[in-house]
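Report on the following structure.
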Amino acid sequence: MTLALILVLVPFCLTGCQKAPEPDTKADLITVHTVAAREQIINEVVELSGSVVPEPNRSARVTSLSPGVLAYVGPHVGDWVAKDQVVARLEDTMQKAQLHQMRAALLIAQANWSKAKHGSRPQEIEQAKAALEVAQANEVNAEQNEDRLKKLYEEQISAGRDYDLAVSQEAVADSQVKAAEANLSMIQKGLRPEDREAARAQADQAAGVFEQSKATLDLTQLRSPIKGVVAERYLDVGDQAGPTAPTLLVVDPTIVYVQATLPVGYNERLAPGQDVQIILPDSKVTLSGHLLKIGMKLDPVTNAVPVQIEVPNDKLRLKFGMVVKARINIDKRMAIVVPKSSLIGSADNPGREVVNLIQNGVSKPAVVECGTVDGDVVEIKKGLHRGDTVTTDVNYELPEGTAVAVK
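Under my numbering, the letters of the sequence shown match residues 668 to 1074, in that order.
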C-alpha cells in the first residue's frame, strides 16, 4: 500500500512542480510601420497661386480712330490674325468721293506749278511773236491812214470826224503793240519769282490735302497691330465703332504672365530672373518660367506684394483666366527629415506637431518643430536626431509606454 501511494504521489509532484506558462502578450502589441529620421538635401520652396493673363505688349484692342458704321468684321473668336491684317472696315463711300476730288485738285495744281517752273512752250512763244507782228503791222497801217486823213482834212477834202477816228485807231494800234510786246516778254522771261513760289505752294498744299484724304480713307480699315488670336469680338457689322468702342481684342498667347501675390518676407529672398515651376490645375504637366517683377506696394489686407511671372506658352496649354500654382526654390540645405505621414496634429493645440518616437519597442510622444516641406518629407528643426525611429501609419498620439510591434 505504501508503494502504491508513493507511485500515485510521484506523478502528482512532477506535475505540480512544473513552471507556469508565460502569458501571450503579442496579442496586446500595436503593429506599426516605422522609418528612421534621416539627413538629406531639401529644397525650400514658396508656392504661390496666380491667374494667367496676357502680356501687356502682346495684347491689343483693335479700335477705330474715327467714328463710323462697321461694314465688315472678319475674324471670329479663336481665329489667328497676322500683324497689319485688315480685320474690320467702316463705311467708306464719302471718304472715297473726297479722295477722288482731291486727286483732281492735285493734278491741276501740279500742272500750274510745272508751267510756272519750266516756262512757256516754244509754240506759245511763237504765237506771241506772231501776235506782236500783227499788232505792229496794224500800227503801221493805222499811222499811214492817220497821215493820209490828216492831209485830206487840212485840204478840207475829208471831214474832221474821219481824221479823229484815224487818230483813235492809231492810238489803239499802238497800245496793242505794247500789249503784244509785254506778253511776249512775259512768256519769254516766265513768271515773277513770287508767282512761281505761289504756284509751288499751291501744289504742295494740294498734295498735302490729297495725302490727308488718303489717310482718312485708310482709317476706315481696321488693322491688327500684332500677330495673335482673337480673344474677344465686341462689335458686329452695322454697329457704331469709334475711339471708345473697340471692335476686337487680339492677344499673343505664346508668352503669358502669371499674376500672383508673395507673402511679405519672401520678397527679400527672391530676385527677378529666378526660375519658376508652373503647375497646371488637375494635371501632371508643369511648365518653366521666370520671375519677371516683384511689386513695391504691400497689400495691407493680405500682407503680400504682387509678382509677375513670365511663362513661354508655345503649346498653348495655359489659358487666360486659368488659376495655376507657381513654385519657386528659395534655398537648398542639409536637414533632418521624416515623412509627412509621421506628423500628428492636435485639434486642441493648433500648430503643435507630434511624432510617435519608438525606442526599444515602446512608443513615446515627441513634440517636434517643423520647417520646410519638400515633396513627401518635412524638415524637423527640433525634437529628433538622425536615426530616431518614428511611426508612419499611426494618425493619433500613442500613450507613452505603449508597446508596439514593428513590421
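Quick reminder that beta carbons are idealized off the backbone N, C-alpha and C, glycines included. If you're wondering where the values come from, they're calculated on a predicted model, not measured in any experiment.
Cβ-based burial, residue i [other Cβ within 10 Å; buried from 16]
{"i": "Glu-689", "result": "The pLDDT assigned to Glu-689 is 45, lower than 50, so where the model puts this residue is not dependable; a value taken from the coordinates is nonetheless given after this. Result: exposed."}
{"i": "Arg-900", "result": "buried"}
{"i": "Leu-732", "result": "exposed"}
{"i": "Tyr-830", "result": "buried"}
{"i": "Ile-673", "result": "Low local confidence applies: a pLDDT of 36 at Ile-673 is under 50, so the model's placement there is unreliable, and no value is given."}
{"i": "Thr-887", "result": "buried"}
{"i": "Val-904", "result": "exposed"}
{"i": "Val-740", "result": "buried"}
{"i": "Pro-1017", "result": "exposed"}
{"i": "Pro-789", "result": "exposed"}
{"i": "Gly-956", "result": "buried"}
{"i": "Ala-993", "result": "buried"}
{"i": "Val-943", "result": "buried"}
{"i": "Ile-775", "result": "exposed"}
{"i": "Asp-1015", "result": "exposed"}
{"i": "Asp-1041", "result": "buried"}
{"i": "Pro-948", "result": "exposed"}
{"i": "Pro-910", "result": "exposed"}
{"i": "Pro-920", "result": "buried"}
Neighbourhood of residue i by C-beta, 8 Å cutoff - its chain only, sequence neighbours within 5 removed
{"i": "Val-968", "result": "none"}
{"i": "Glu-1036", "result": "Glu-1020, Ile-1047, Lys-1048, Lys-1049, Gly-1050"}
{"i": "Met-963", "result": "Val-972"}
{"i": "Lys-763", "result": "Leu-884"}
Reference residue i; option with closest CA among the options
{"i": "Ser-842", "options": "Glu-806, Lys-964, Asp-998", "result": "Glu-806"}
{"i": "Asn-850", "options": "Gly-1012, Met-963, Glu-793", "result": "Glu-793"}
{"i": "Ala-802", "options": "Ser-731, Lys-845, Val-876", "result": "Lys-845"}
{"i": "Asn-779", "options": "Lys-1031, Gln-869, Glu-878, Pro-973", "result": "Gln-869"}
{"i": "Ala-927", "options": "Val-972, Leu-902, Ala-912", "result": "Val-972"}
{"i": "Asp-695", "options": "Ala-840, Gly-1028, Ser-731", "result": "Gly-1028"}
{"i": "Gln-768", "options": "Gln-823, Leu-799, Gln-879", "result": "Gln-879"}
{"i": "Gln-836", "options": "Ala-1033, Asn-808, Leu-715, Met-761", "result": "Asn-808"}
{"i": "Arg-705", "options": "Val-1005, Ser-1030, Val-1034, Gln-1026", "result": "Val-1005"}
{"i": "Pro-721", "options": "Glu-1067, Val-897, Ala-912, Gly-940", "result": "Val-897"}
{"i": "Glu-800", "options": "Ala-873, Ala-847, Ser-950", "result": "Ala-847"}
{"i": "Glu-861", "options": "Lys-784, Val-754, Leu-766", "result": "Lys-784"}
{"i": "Asn-980", "options": "Lys-964, Gln-941, Ala-764, Val-952", "result": "Val-952"}
{"i": "Glu-1067", "options": "Gly-1054, Asp-1041, His-1052, Ala-1033", "result": "Ala-1033"}
{"i": "Ala-771", "options": "Ala-874, Gly-735, Ala-866", "result": "Ala-874"}
{"i": "Leu-1065", "options": "His-1052, Gly-1012, Gly-1054", "result": "Gly-1012"}
{"i": "Asp-998", "options": "Ala-1072, Gly-1054, Lys-782, Glu-935", "result": "Glu-935"}
{"i": "Pro-939", "options": "Leu-929, Ile-946, Leu-947, Gln-907", "result": "Leu-929"}
{"i": "His-1052", "options": "Ala-795, Thr-760, Ala-1002", "result": "Ala-1002"}
{"i": "Gln-811", "options": "Gln-823, Glu-822, Ile-824, Ala-840", "result": "Ala-840"}
{"i": "Arg-725", "options": "Ala-908, Lys-750, Gln-907, Gly-745", "result": "Lys-750"}
Cβ-Cβ distance between residue i and residue j below 8 Å
{"i": "Val-748", "j": "Gly-895", "result": "yes"}
{"i": "Glu-977", "j": "Tyr-924", "result": "yes"}
{"i": "Ile-995", "j": "Val-702", "result": "no"}
{"i": "Leu-902", "j": "Leu-737", "result": "yes"}
{"i": "Ile-961", "j": "Leu-983", "result": "no"}
{"i": "Phe-877", "j": "Leu-954", "result": "no"}
{"i": "Leu-1010", "j": "Val-1045", "result": "yes"}
{"i": "Thr-1039", "j": "Ile-709", "result": "yes"}
{"i": "Ala-755", "j": "Leu-889", "result": "yes"}
{"i": "Leu-884", "j": "Leu-965", "result": "no"}
{"i": "Gly-735", "j": "Glu-711", "result": "no"}
Own chain residues within Cβ distance below 6 Å of residue i, not counting five before or after
{"i": "Ala-727", "result": "Pro-892, Ile-893, Val-917"}
{"i": "Ser-1008", "result": "Thr-1059"}
{"i": "Pro-1056", "result": "In the sequence on display, residue 1056 carries Thr and not Pro. Excluding residues within five positions, the ones whose Cβ falls inside 6 Å are Thr-701, Ala-703, Ile-1025."}
{"i": "Ser-1030", "result": "Asn-1023, Leu-1065, Thr-1069, Val-1071"}
{"i": "Leu-715", "result": "Ala-927, Ala-993"}
{"i": "Ile-945", "result": "Leu-954, Gly-956, Val-978, Val-991, Ala-993"}
Close beta carbons around residue i, own chain, < 7 Å, minus the five adjacent residues each side
{"i": "Val-1061", "result": "Val-699, Asn-1023"}
{"i": "Val-719", "result": "Val-923, Val-925, Leu-985, Lys-986, Phe-987, Gly-988, Met-989, Val-991"}
{"i": "His-743", "result": "Val-897, Arg-900"}
{"i": "Val-834", "result": "Glu-813"}
{"i": "Lys-817", "result": "Tyr-830"}
Residue interval of the beta strand (DSSP E) (run including residue i)
{"i": "Asn-1023", "result": "1020-1026"}
{"i": "Gln-888", "result": "888-890"}
{"i": "Arg-728", "result": "726-729"}
{"i": "Asn-996", "result": "990-1006"}
{"i": "Asp-942", "result": "942-946"}
{"i": "Arg-900", "result": "895-900"}
{"i": "Lys-982", "result": "Premise fails: Lys-982 is in no beta strand (DSSP E) and is neither H nor E."}
{"i": "Ile-709", "result": "705-721"}
{"i": "Tyr-739", "result": "735-740"}
{"i": "Gln-926", "result": "922-930"}
{"i": "Glu-1036", "result": "1029-1041"}
{"i": "Val-904", "result": "Run containing Val-904: none; DSSP gives neither H nor E here."}
{"i": "Val-968", "result": "Per DSSP, Val-968 belongs to no beta strand (DSSP E) and is neither H nor E."}
For residue i, the first and last residue of its enclosing alpha helix (DSSP H)
{"i": "Asp-871", "result": "860-885"}
{"i": "Arg-815", "result": "789-821"}
Short CB-CB distance (under 8 Å) between residue i and chain B
{"i": "Ala-1072", "result": "Of the chains in the structure shown, none is chain B; there is only one protein chain."}
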